[in-house]
Structure formats: C-alpha cells, structure tokens
Amino acid sequence: MTQPAVQIRHLTKRIGSKTLVEDLTFDVPQGQVFGFLGPNGAGKTTTIRMIMGLISITEGQVLVQGLDVSRQFEEAMRHIGAIVENPEMYKFLTGWQNLVHFARMSQGVPESRIREVVELVGLEQRIHDKVKTYSLGMRQRLGLAQALLHRPSVLILDEPTNGLDPAGIRELRDHLRRLAEQEGIAVIVSSHLLTEMELMCDQVAIIQNGRLVSIKDLREMIGDGDELTLRIETSRLAEAEALLRETCQRQVLRDGQALSITVTRAMIPEINRTLVQNGYDVYSLHTVSQTLEDRFLEVTGRGPIA
Amino acid sequence: MLNLVRNENMKIYRRARTWVFFGLILFALLIQAAFTLRTAQGTEHRDWQQEIARETQIIEERLQNPELQMPPEQRREQELQLAVNRYHLDHEISPFAHNAWKFTKNSAAIVALITLFTIVVAGDIVAAEFGWGTIKLLLIRPASRTKILFAKYLAVLLFAFLMLIMLLGCSFLIGGALFGFAGGDQPYLSLRDTGITETTVAKNALLTFALEPVSLVMFATVAFVISAAFRSSSMAIGVSMLTMFLGQMIVGLLARFDWVQYLLFANLNLMQYFEGAPVVPTMTLPFSLGINLLYFVVLHGIGWLLFTKRDVAA
Numbered sequence: 001m002t003q004p005a006v007q008i009r010h011l012t013k014r015i016g017s018k019t020l021v022e023d024l025t026f027d028v029p030q031g032q033v034f035g036f037l038g039p040n041g042a043g044k045t046t047t048i049r050m051i052m053g054l055i056s057i058t059e060g061q062v063l064v065q066g067l068d069v070s071r072q073f074e075e076a077m078r079h080i081g082a083i084v085e086n087p088e089m090y091k092f093l094t095g096w097q098n099l100v101h102f103a104r105m106s107q108g109v110p111e112s113r114i115r116e117v118v119e120l121v122g123l124e125q126r127i128h129d130k131v132k133t134y135s136l137g138m139r140q141r142l143g144l145a146q147a148l149l150h151r152p153s154v155l156i157l158d159e160p161t162n163g164l165d166p167a168g169i170r171e172l173r174d175h176l177r178r179l180a181e182q183e184g185i186a187v188i189v190s191s192h193l194l195t196e197m198e199l200m201c202d203q204v205a206i207i208q209n210g211r212l213v214s215i216k217d218l219r220e221m222i223g224d225g226d227e228l229t230l231r232i233e234t235s236r237l238a239e240a241e242a243l244l245r246e247t248c249q250r251q252v253l254r255d256g257q258a259l260s261i262t263v264t265r266a267m268i269p270e271i272n273r274t275l276v277q278n279g280y281d282v283y284s285l286h287t288v289s290q291t292l293e294d295r296f297l298e299v300t301g302r303g304p305i306a
Numbered sequence: 001m002l003n004l005v006r007n008e009n010m011k012i013y014r015r016a017r018t019w020v021f022f023g024l025i026l027f028a029l030l031i032q033a034a035f036t037l038r039t040a041q042g043t044e045h046r047d048w049q050q051e052i053a054r055e056t057q058i059i060e061e062r063l064q065n066p067e068l069q070m071p072p073e074q075r076r077e078q079e080l081q082l083a084v085n086r087y088h089l090d091h092e093i094s095p096f097a098h099n100a101w102k103f104t105k106n107s108a109a110i111v112a113l114i115t116l117f118t119i120v121v122a123g124d125i126v127a128a129e130f131g132w133g134t135i136k137l138l139l140i141r142p143a144s145r146t147k148i149l150f151a152k153y154l155a156v157l158l159f160a161f162l163m164l165i166m167l168l169g170c171s172f173l174i175g176g177a178l179f180g181f182a183g184g185d186q187p188y189l190s191l192r193d194t195g196i197t198e199t200t201v202a203k204n205a206l207l208t209f210a211l212e213p214v215s216l217v218m219f220a221t222v223a224f225v226i227s228a229a230f231r232s233s234s235m236a237i238g239v240s241m242l243t244m245f246l247g248q249m250i251v252g253l254l255a256r257f258d259w260v261q262y263l264l265f266a267n268l269n270l271m272q273y274f275e276g277a278p279v280v281p282t283m284t285l286p287f288s289l290g291i292n293l294l295y296f297v298v299l300h301g302i303g304w305l306l307f308t309k310r311d312v313a314a
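Residue numbers (full-length UniProt numbering), protein chains in the order written: chain Y, 1 to 306; chain P, 1 to 314.
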C-alpha cells in the first residue's frame with residue numbers, strides 16, 4: 001500500500017475562543033482528484049492554507065509525502081504546487097518573468113522546463129507580454145503553469161473556478177483530470193460549486209462548521225441492488241406511463257417530454273424489453289445519478305451557515 | 001538565497017517607478033550644478049581678496065571689542081570664520097571657488113532624497129505582496145519566511161547603495177567637469193567644542209558620504225519593519241516619512257532633557273561628532289553607533305517575529 005500523498009491528522013485551528021477547524025482527519029491518495037466541499041465559512045480555505053503553511057496549525061499534523069509541514073516546511077513545500085483563489089501574479093512583469101521568478105524559488109527548474117509548462121498550458125503566443133494585458137482565463141493558465149513548474153506531486157487549488165467562464169472551467173477540469181490520471185498527481189480542490197466538483201473529483205470531503213461531515217467516493221461502482229433514477233424518452237408518453245406503473249409497481253413521474261422512475265439496476269433491461277415489446281419507440285433511456293447537491297444537502301442539512 | 005535576492009531585484013528594477021527615482025536624483029544633481037554655476041559666475045568678477053580682507057577686519061574688531069558681550073558659542077563661530085578667511089588670504093585661494101570635492105560634499109544633501117525613495121521601496125517591498133495577493137504564491141515555496149524576509153531587506157539595502165554610488169559618482173564627475181578635479185587637498189576647517197579642527201576637503205566629502213547612509217539605513221529599516229509587521233505600504237511609508245521630518249524637531253524640543261540621547265533621532269546625525277556639537281555633550285560616536293545598532297536589532301526582531309508568525313488569511 002503506497003503512502004497517501006497528503007495525510008491530515010486531528011487538524012485543528014483556533015483563534016482565540018473561536019474554533020475554525022476542528023479535529024479533521026483524512027487522507028488524500030496519490031493520483032486522485034480530491035474535492036473539498038462546504039458552505040462559505042465552513043473552514044475549507046483555513047484547512048487548505050494550513051496544508052500549505054500559510055496559516056499556523058493549532059493542533060494536529062499535516063504530512064505531505066510523509067513530511068511534516070510545520071517542522072520540515074521547505075522539504076514539504078517541494079512537493080506542493082498551488083493556486084490560491086484567483087492566481088495573482090506580478091502584473092508589471094511578463095508571464096515569462098513571473099515563471100522565472102517562481103522557478104528560481106525551487107531547485108532544479110531549468111529553462112527548458114519553463115518552456116515545457118508554457119506549452120502545456122498553451123500560452124506560447126503571449127508569454128512575453130506583461131501580465132496586466134492578460135485576460136482572466138490567461139491568468140488562470142499562467143497560475144496553473146507556476147503551480148506545475150517544479151513537478152509537484154500534490155496540486156492544491158483553492159476555489160479555482162471563481163470568476164472563470166464555462167469554457168475556462170471546462171479547460172481547467174480537463175487539465176486536472178489529466179494530471180491526476182497520467183502523471184499520478186494528487187489534486188486537492190476546494191470549492192462551493194457542487195456540479196463542478198462532481199465532474200472533477202474522485203472523492204469529496206464535505207465539511208461544515210469546521211468539522212468533517214462525510215467523505216464520498218464519486219467513482220463508486222454501482223451494484224445491481226442500488227436504486228437509480230431512470231429517465232425514459234418514448235412515444236405515447238401517457239400510455240407508457242400507465243404501462244410502467246403497472247409492470248413495475250413504482251411511482252412514475254412525468255418529467256417534461258420524458259418519464260422518470262426510480263428502480264433498481266437489475267430492473268432496467270426488463271423495462272426496456274417491456275416497452276419495445278409493446279410497440280413503443282424508445283428514444284432514450286438513461287440513469288440519472290443522485291447529484292452531489294442532493295447528497296450535500298442530505299449531509300449538511302439545512303442548518304444555518306455559521 | 002542568491003536567487004531570492006535576484007527575484008527581489010527583478011521586482012524592484014522592472015518597475016517604472018524605480019527609474020523615475022534614479023531620474024529624479026540626477027535631476028536634483030543638475031539643479032544643484034545649475035545653482036552652483038550661477039553663484040560662481042556671480043562672484044567671479046568681484047575682487048574676493050578685498051572682500052574677504054574687509055570681512056576679516058570686521059570680525060577682528062568685533063572679537064576685540066570688550067563691550068560686545070558675545071555669547072561663547074557665537075564667539076567661537078566668529079573665530080572659525082576668521083581662521084578660514086586667513087587661510088584663504090594666505091594661500092590665495094578664493095573661498096568662492098568650486099571644485100569636484102566641494103560639489104560632492106554639497107550634493108550629500110541629496111542623500112535626504114535617496115532616503116525618501118528608499119523608504120518608499122522598503123515600505124512597499126513586503127506590504128505590496130499582500131496588496132497584490134502574490135504573497136500567497138511567494139510563501140508556499142521551498143523557502144522559509146525568514147529567508148524571504150532577509151532577501152527583501154538585502155534588496156532594499158542594495159537599492160539604497162546603488163543610489164548612493166550613483167550620486168557620489170555623478171556629483172564628483174559633474175563637479176569635476178564644471179569646476180575641475182583639483183583642490184581636494186585644501187584644508188577643511190570645522191568647529192568642535194574642543195576648538196577648530198582641520199581636515200581636507202576631500203576627506204570631509206568622503207566622511208559625509210560614509211556617515212549619511214547610517215540614518216538612511218535606519219529609516220529604511222523602520223519602513224521595512226512596519227511594512228513586514230503591519231502589511232500596509234501606506235502606513236509604512238507614511239509613518240517613516242513623518243518620523244524623518246519630525247524626528248529632528250522632536251530632538252530639538254527635548255534637547256534639554258538628558259534622556260533624549262537614547263532616542264533614535266538624536267543618534268542619526270553622526271556628523272555631529274565632526275562638526276558642531278552633539279545633542280547632549282556627553283554623547284560619543286561609539287555611543288551613537290551602539291544606540292543605532294540596538295534600535296536596528298530590536299526593530300528587525302519585531303518585524304521578523306510578526307512576519308514569520310502571523311497567518312496569511314485574507
């Protein structure tokens with residue numbers, strides 16, 4: 001069993017009598033995109049900044065590749081690349097100069113690596129322009145480039161999609177998934193955007209009021225006995241609805257131009273057969289997974305944000 | 001470490017502001033040259049020997065007049081002037097004549113301007129990273145906060161040093177080009193509480209340039225520490241400039257108290273040990289250097305503690 005990329009043990013942050021983060025313990029495995037989800041003020045940013053040493057740790061421990069962030073700061077930081085919120089760069093410098101600046105702060109980043117990273121994020125055309133002329137999307141790419149310069153094994157992104165347009169979000173998501181899958185980098189992403197996290201992450205930790213509420217594996221295999229919501233588009237909708245209600249003995253809902261029914265996985269082929277054999281034209285038949293949003297509300301409840 | 005300093009240098013010299021500072025120093029030097037030229041031309045045609053002889057005579061009469069109850073301080077000043085005048089008459093050197101060394105000595109006044117610019121750079125160098133939001137990318141590198149802080153301070157000192165070298169070099173060259181390089185060995189007389197002391201013009205100019213930077217470094221340190229501790233450029237620059245302008249005034253107001261000698265401002269002007277009298281008569285050069293060092297260490301201690309321990313939250 002390989003060592004987790006990041007191990008968080010009883011992590012606690014108190015300022016005065018206020019506890020911002022309380023007794024968090026979890027692992028982030030190598031090669032996974034790990035989501036960190038919670039309402040505003042839940043302690044996501046505090047936790048992430050404790051991992052990077054920006055905020056001091058009151059109690060507990062953060063190990064990055066087995067290195068204690070508080071005691072072996074410089075060694076631990078060699079493994080970390082990060083974008084904290086919107087990546088703010090030196091606007092009066094060019095993109096290239098910004099990368100040279102950060103490359104100098106790590107050991108063993110030759111110029112060829114800077115070029116490689118620029119290519120990776122697709123900034124070749126504008127890299128020698130001043131950052132103040134960059135669009136937000138370009139700054140985001142430059143931010144990713146600076147985070148990857150020193151080939152970190154852990155990539156941390158704090159609210160990375162803030163202010164990005166849908167195309168930018170999608171681009172970032174593809175980058176992150178590729179990094180995790182092809183280069184085995186552990187990616188930690190914090191966000192309050194549920195759908196984004198759902199598309200990006202392998203695992204999601206949900207925190208509320210500084211405590212870990214739940215950890216969900218989003219790539220879980222779905223078993224035959226699991227309940228799923230099935231969405232069916234077919235001809236003669238009203239008749240089909242009656243037919244399914246009778247054969248399945250389940251509640252069938254009209255959902256726009258489709259029907260929606262909650263069944264076990266094993267029942268799906270049978271439903272399809274029934275429809276086809278009775279002469280219905282089936283246009284589409286697909287499962288709708290329970291969204292992260294549903295789970296999120298389920299575990300965090302509707303409590304006030306505090 | 002070297003790379004960290006290179007980074008800080010890049011961030012200083014890639015900003016247009018820095019070159020405006022260098023330009024302003026040169027501009028101030030040119031203004032000084034223009035003024036010096038004008039006064040030189042104004043005195044050229046006059047018979048300086050006659051003028052000085054007359055002035056010398058007046059002073060002699062005054063000093064010998066028992067009815068004029070001159071305070072001892074004023075008396076000594078008059079004696080100094082007398083000695084200076086006699087020297088010029090004896091050696092047939094016009095007191096109005098200029099040379100590269102005198103020009104350089106006078107240009108030391110521009111060090112105040114350099115101090116001002118250094119305060120701006122020092123007050124900005126840490127706080128600006130917070131303002132830009134880049135601090136979050138800077139502090140998550142394999143470089144401890146202590147190293148980053150040290151590199152920044154070194155970069156500030158380098159900047160000040162560069163400005164000083166430029167001022168010294170340019171003023172010597174401009175002065176020499178306009179008035180000739182000779183005359184560095186002319187005596188320079190100054191008044192001390194012990195009497196009149198003699199040195200050369202060249203030595204005096206170099207001494208001035210060696211001592212002026214002490215206060216420059218101290219003000220830069222004040223600005224730097226406030227910048228690192230409170231993360232606000234405007235506060236760092238504002239407070240440092242205010243103390244720069246009010247410091248001497250405060251010392252002047254409190255000069256009658258003995259404890260004024262423990263204030264930083266009373267110890268910044270080290271020329272007081274070579275010309276004129278120190279703020280408190282018992283003060284010595286090593287004492288002032290010691291006080292400066294003490295403030296230096298305590299200030300940096302505070303700055304370091306707050307910069308390395310405080311959370312980067314917002």
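Every residue, glycine too, gets a C-beta built ideally from N, C-alpha and C. Note that this is a predicted model, so its numbers are computed, not measured.
Cβ-Cβ distance between residue i and residue j below 7 Å
{"i": "S227 (chain P)", "j": "V126 (chain P)", "result": "yes"}
{"i": "M197 (chain Y)", "j": "S190 (chain Y)", "result": "no"}
{"i": "K102 (chain P)", "j": "V201 (chain P)", "result": "yes"}
{"i": "K105 (chain P)", "j": "A255 (chain P)", "result": "no"}
{"i": "G210 (chain Y)", "j": "E22 (chain Y)", "result": "yes"}
{"i": "V33 (chain Y)", "j": "A167 (chain Y)", "result": "no"}
{"i": "H150 (chain Y)", "j": "V118 (chain Y)", "result": "no"}
{"i": "I196 (chain P)", "j": "A277 (chain P)", "result": "no"}
{"i": "D311 (chain P)", "j": "S56 (chain Y)", "result": "yes"}
{"i": "L99 (chain Y)", "j": "I114 (chain Y)", "result": "yes"}
{"i": "residue 316 (chain P)", "j": "L211 (chain P)", "result": "In the structure as shown, chain P starts at 1 and stops at 314, and residue 316 (chain P) therefore has no counterpart that could be examined."}
{"i": "I232 (chain Y)", "j": "L285 (chain Y)", "result": "yes"}
{"i": "L289 (chain P)", "j": "M218 (chain P)", "result": "no"}
{"i": "C170 (chain P)", "j": "L24 (chain P)", "result": "no"}
{"i": "Q81 (chain P)", "j": "I59 (chain P)", "result": "yes"}
Where residue i sits in the DSSP three-state scheme
{"i": "R115 (chain Y)", "result": "helix"}
{"i": "M221 (chain Y)", "result": "A caution first: M221 (chain Y) carries a pLDDT of 49, below 50, which makes its placement in the model unreliable, though a value can still be read off. Correct three-state label for M221 (chain Y): coil."}
{"i": "D23 (chain Y)", "result": "strand"}
{"i": "S171 (chain P)", "result": "helix"}
{"i": "L155 (chain Y)", "result": "strand"}
{"i": "G276 (chain P)", "result": "strand"}
{"i": "E183 (chain Y)", "result": "helix"}
{"i": "R126 (chain Y)", "result": "coil"}
{"i": "H10 (chain Y)", "result": "strand"}
{"i": "F159 (chain P)", "result": "helix"}
{"i": "G252 (chain P)", "result": "helix"}
{"i": "D124 (chain P)", "result": "helix"}
{"i": "Q39 (chain Y)", "result": "Sequence check: residue 39 (chain Y) is Pro here, not Gln. Correct three-state label for P39 (chain Y): coil."}
{"i": "residue 315 (chain Y)", "result": "What is shown of chain Y runs 1 to 306, which leaves residue 315 (chain Y) out entirely."}
{"i": "K18 (chain Y)", "result": "strand"}
{"i": "F34 (chain Y)", "result": "strand"}
{"i": "V121 (chain Y)", "result": "coil"}
{"i": "Q32 (chain P)", "result": "helix"}
{"i": "I305 (chain Y)", "result": "Unreliable positioning characterises I305 (chain Y) in this predicted model, as indicated by a pLDDT of 43, which lies under 50. A coordinate reading is not provided."}
{"i": "P4 (chain Y)", "result": "coil"}
{"i": "R231 (chain Y)", "result": "strand"}
9 Å Cβ cut-off: residues of chain Y touching residue i
{"i": "V298 (chain P)", "result": "Ordered by position in chain Y, no residue passes the 9 Å Cβ test against V298 (chain P), which lies about 24 Å from the chain."}
Within chain P, the residues that residue i reaches when beta carbons sit closer than 7 Å
{"i": "L93 (chain Y)", "result": "R14"}
{"i": "E82 (chain Y)", "result": "In the sequence as displayed, the identity of residue 82 (chain Y) is Ala instead of Glu. Going along chain P in sequence order, the residues near A82 (chain Y) (Cβ under 7 Å) are I140."}
{"i": "M77 (chain Y)", "result": "I140, R141, P142"}
{"i": "L191 (chain Y)", "result": "A small correction: the amino acid at residue 191 (chain Y) is Ser; Leu does not occupy that position in the sequence shown. Chain P residues near S191 (chain Y): none, gap ~17 Å exceeds 7 Å."}
Residues that residue i contacts on chain P, provided the C-beta gap is smaller than 8 Å
{"i": "E88 (chain Y)", "result": "W132, G133, T134, K136, L137"}
{"i": "residue 311 (chain Y)", "result": "The structure shown does not extend to residue 311 (chain Y), since chain Y spans only 1 to 306, so no value can be given for it."}
{"i": "F102 (chain Y)", "result": "L137, R141"}
{"i": "S106 (chain Y)", "result": "R141, P142"}
Per-residue contacts from residue i into chain A (C-beta, under 8 Å)
{"i": "Q97 (chain Y)", "result": "You won't find chain A in this structure, because its protein chains are Y and P."}
Proximal residues of chain Y, C-beta to C-beta of residue i below 8 Å
{"i": "V312 (chain P)", "result": "R49, L54, I55"}
{"i": "N3 (chain P)", "result": "R104, M105"}
Which residues of the stretch 113-146 of chain P have a Cβ closer than 7 Å to any Cβ of chain Y? Give them in chain order. W132, G133, T134, K136, L137, L139, I140, R141, P142, A143, S144
Name the residues in the stretch 50-69 of chain Y whose C-beta lies less than 8 Å from a C-beta of chain P; which are they? M52, G53, L54, I55, S56
Near-chain Y residues of the stretch 5-36 of chain P (beta-carbon distance less than 7 Å), N- to C-terminal order: R6, N7, M10, K11, R14, R15
In chain order, what residues of the stretch 135-163 of chain Y put their CB closer than 7 Å to some CB of chain P? Q146
Along the stretch 254-270 of chain P, where does the CB come closer than 9 Å to a CB of chain Y? Name the residues. none
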